[in-house]
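To keep things clear, I will list the structure first and then write my remarks on it.
Numbering (mature numbering (1 follows the signal peptide of the UniProt record, and there is no 0)), first residue to last: -25 to -1, 1 to 489.
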């Protein structure tokens, strides 16, 4: 084509000129910043249309973001053999001609995010033997065909997120044995591309959320024994097969938030013996049951935030998670109930975030508050009454005013920190309690003494009367005995006297007879 031929000769002429260009005489486009000491050229926001070819040939970093560049000419980068970093983000690129970077043996990072690139071939990145970072986020890619990245044997990070990828061929990631971080999030995948992932035996991070999986099958991540971070956020999951995570023996971080899980996948998670961080918010379970995280004895951080229907943490929820250090429960619209013992068994808890839930109170027995290094209880509809007197005192020496009252009306929007017992409706302060106790004790003793006196006065007359009766009876008995004795003596005297007289009379008669 005549026009193409003309462009070629223009580029060739400029290339020839550039061979004789020194750092002192290098051309720097208007509004660009060209630093010949750091060997960095930055043209952010500068309208260029094409890649400048008259820059310092020793340039090591070129930043051409938001510059309305529409094409990358096959020969454009051939003049900069020392390049280590190229950033062409946020332009209008549609295609990358084959061999465009063939001369860039030293290029380490290539950023092409936020363009309109819709297709790649196995020759697109040919020659990039030193490349470790390739960023293709936010383009129009739909298919990853076999062998696309075979020349990138040193690639460690590949970002293919926020595209339109619905198909990943089995050999799409062949030769990427050094790859450690892969982003496939925010695409149109309907299943885990397990066969394509299997060769990535050095993979440490996989971000595959914001797709439309609905379920995770058994052995979906087979071959990824070194995987430490798995992000399946907002992937439409309503089911996780029992052995979905089998083989992930090195997994430390798992993100399952924003899905449709109706309960905590306790059994599925229990095989992740080394798991330290779990994100599980914005799902469809209404409560956290006893032993919900059984088997996760090494869990250190748990984040359950943003749920619209979670209401309750039951007793013993974290019974198997004694190493938990950070618990984040925030922005759960209906979370209002922490059963007694819900947070029991957490001796290592140091960070507790309970912000923006539906709690109206916090029991003092909930956790060992003094052991916490950080806590956030703000944005809850607290009813500030005497039950929160302990919290007001606890907050008093701390630099926080974020915990405010929602009720009663007279305390609404006021900081709980430092509120007095009287303000919180406590009937008596501690001083008053002591006085009241003394009064009660004194009153009690007085009442007892009064009762004793009343009983004494009421019973005294009866006792007196009883004593009088007793004495009278004794006197009467004595008098009767005396009278009886007196009567007996008189009778006895009369009888005896009569007997004596009769005996004397008989004797006289006898004498007279003789």
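Beta carbons: idealized from backbone N, C-alpha and C, even for Gly.
> Would DSSP call residue 17 helix, strand or coil?
Replying inline: For residue 17, the three-state secondary structure derived from DSSP is strand.
> Does DSSP put residue 287 in a helix, in a strand, or in coil?
Replying inline: Residue 287 falls in the strand class under three-state DSSP.
> Can you tell me the Cα-Cα spacing of residue 137 and residue 369, whole angstroms?
Replying inline: In this structure, the CA atom of residue 137 is about 47 Å from the CA atom of residue 369.
>> Looking only at its chain, what residues have a beta carbon closer than 8 Å to the beta carbon of residue 341, apart from the 5 residues adjacent to it on each side?
In response: Excluding five sequence positions before and after residue 341, the CB atoms of its chain that fall closer than 8 Å to its own CB belong to 313, 317, 318, given in chain order.
> Is the beta carbon of residue 230 less than 8 Å from the beta carbon of residue 251?
Replying inline: No, Cβ-Cβ distance for residue 230 and residue 251 is not below 8 Å.
> Going by DSSP, what residues sit across from residue 252 in a beta bridge?
Replying inline: Under DSSP, residue 252 shares a beta bridge with 228, 276.
> Who are the near neighbours of residue 131 in its chain, counting only those whose CB is closer than 8 Å to its CB and skipping five residues on each side?
Replying inline: If we look at residue 131 and ignore the five residues flanking it on each side, its Cβ neighbours are 107, 108, 153, 154, 155, 156.
>> Going by DSSP in three states, residue 401 sits in which element: helix, strand or coil?
In response: Looking at residue 401 - three-state DSSP - the assignment turns out to be coil, as it is neither helix nor strand.
>> Closest to residue 283 by C-alpha separation, out of 296, 88, 255, 57, would be which residue?
In response: Of the candidates 296, 88, 255, 57, the one whose C-alpha sits nearest the C-alpha of residue 283 is 255.
>> Cutting at 8 Å between CB atoms, please list the residues of its own chain near residue 23, excluding the five before and the five after it.
In response: Around residue 23: 4, 39, 42, 43, 44.
>> Between which residues of its own chain and residue 493 is the CB-CB distance below 7 Å, once the five residues before and five after are set aside?
In response: This structure gives no information on residue 493, because the portion of the chain shown stretches from -25 to 489.
>> Can you check which of these residues, 277, 288, 19, 286, is closest to residue 302 by C-alpha distance?
In response: Looking only at 277, 288, 19, 286, the smallest Cα-Cα distance to residue 302 is reached by 277.
> Any C-beta of chain D sitting closer than 8 Å to the C-beta of residue 353?
Replying inline: The chain labelled as chain D is not found in the depicted structure, where only one protein chain is given.
> Where do the N-terminal and C-terminal ends of the beta strand (DSSP E) with residue 381 fall, by residue?
Replying inline: Counting along the chain, residue 381 sits inside the beta strand (DSSP E) bounded by residues 380 to 382.
> Which residues in the same chain have their Cβ closer than 7 Å to the Cβ of residue 399, if we skip the five residues on either side of it in sequence?
Replying inline: Excluding sequence neighbours, residue 399 sits near 359, 360, 361, 363, 364, 367.
> Looking only at its own chain, which residues have a Cβ that is under 7 Å from the Cβ of residue 225, when we skip the five neighbours before and after it?
Replying inline: Excluding the 5 residues flanking it on each side, residue 225 has same chain C-beta neighbours closer than 7 Å at 200, 201, 202, 203, 249, in chain order.
> Under the three-state reduction of DSSP, which class applies to residue 455: helix, strand or coil?
Replying inline: Unreliable placement is indicated for residue 455, whose pLDDT of 48 sits below 50; the coordinate value is still reported in the next sentence. Helix at residue 455.
> Quick one, are the C-beta atoms of residue 331 and residue 294 less than 8 Å apart?
Replying inline: For the pair residue 331 and residue 294, the CB atoms are not nearer than the 8 Å cut-off.
> What is the DSSP secondary structure of residue 158, counted as helix, strand or coil?
Replying inline: In this structure, residue 158 counts as strand in the three-state DSSP scheme.
> Considering only C-alpha positions, which residue in the set 261, 80, 299, 427 is nearest to residue 270?
Replying inline: Sorting 261, 80, 299, 427 by C-alpha distance to the C-alpha of residue 270 places 299 at the top.
> Does the distance from the C-beta atom of residue 280 to that of residue 304 stay below 8 Å?
Replying inline: Yes, Cβ-Cβ distance for residue 280 and residue 304 is below 8 Å.
> What whole-angstrom Cβ distance do residue 378 and residue 352 have, given they're in contact under 8 Å?
Replying inline: Residue 378 to residue 352, Cβ: 5 Å. Contact.
>> Do residue 211 and residue 196 count as a contact pair if the criterion is CB distance below 8 Å?
In response: In this structure, the beta-carbon distance from residue 196 to residue 211 does not fall below 8 Å.
> Tell me which same chain residues have a C-beta within less than 6 Å of the C-beta of residue 235, skipping the five on either side of it?
Replying inline: Contacts found: 213, 259.
> Are the CB atoms of residue 297 and residue 265 nearer to each other than 8 Å?
Replying inline: No; because the gap between Cβ atoms is not below 8 Å, this pair is not in contact.
> Excluding the five sequence neighbours on either side, which residues of its own chain have a C-beta within less than 8 Å of the C-beta of residue 2, listed in chain order?
Replying inline: Sequence-distant partners of residue 2 (beyond 5 residues in either direction) whose C-beta falls short of 8 Å from its own C-beta, in its chain, are -5, 27, 29, 30.
>> Here's the rule: buried if 16 or more other CB atoms are within 10 angstroms of the residue's CB, otherwise exposed. What is residue 242?
In response: By the 10 Å Cβ count, residue 242 comes out exposed.
>> Tell me the residue span of the beta strand (DSSP E) that contains residue 350.
In response: It spans 349 to 351 - the beta strand (DSSP E) in which residue 350 sits, taken as one unbroken run.
> What residues in its chain sit with their C-beta under 6 Å from that of residue 287, if we drop five residues either side in the sequence?
Replying inline: Answer for residue 287: 262, 312, listed in chain order.
>> Nearest by alpha-carbon distance to residue 192: which of 176, 129, 170 is it?
In response: Residue 170 is the option with its Cα nearest to residue 192.
> Going by alpha carbons, who is nearest to residue 85 out of 72, 67, 227, 111?
Replying inline: When only C-alpha atoms are compared, the closest one is 111.
> Which whole-angstrom value is the C-beta distance of residue 151 and residue 175, which I expect to be below 8 Å?
Replying inline: With a Cβ gap of about 6 Å, residue 151 and residue 175 count as contacting.
> Is the Cβ-Cβ distance between residue 98 and residue 73 less than 8 Å?
Replying inline: Contact: yes.
> What first and last residue would you give for the beta strand (DSSP E) that runs through residue 133?
Replying inline: Residue range 132 to 134 is occupied by the beta strand (DSSP E) that includes residue 133.
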